[in-house]
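As structure tokens, the structure follows; a few thoughts come after it.
Residue numbers (UniProt numbering): 1 to 78.
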């Protein structure tokens, strides 16, 4: 069981890294330092951005559940 959770944790970690890198910069961070603050937003967020946000939150919840489950499993294994 812990092997399955470990593999799932690694997969969700890699997916989270990819999803966070896909997000558009909101300003005020390192993206502004390298010229990212020059672009202007044309209104609200698009459907693709909202779906990316939802997918990121969903993967984050799965990742968090894996961390908690692995912690509990390893704590009560002894």
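From the three backbone atoms N, C-alpha and C, an ideal C-beta is built for every residue, glycine too.
None of the values given here were measured: they were computed from a predicted structure.
Neighbourhood of residue 69 by C-beta distance below 6 Å, restricted to the same chain and skipping five residues each side: 5
Whole angstroms are fine: how far does the CA of residue 20 sit from the CA of residue 31? Annotation note: pLDDT 49 at residue 31 (below 50); position unreliable, coordinate value reported separately. In a straight line, the C-alpha of residue 31 is about 13 Å away from that of residue 20.
Alpha-carbon to alpha-carbon, residue 3 and residue 161: Because the chain is modelled from 1 through 78, residue 161 falls outside the range shown and cannot be assessed.
Determine, using beta carbons only, whether residue 1 and residue 63 come nearer to each other than 8 Å. no
Cutting at 8 Å between CB atoms, please list the residues of its own chain near residue 22, excluding the five before and the five after it. 52
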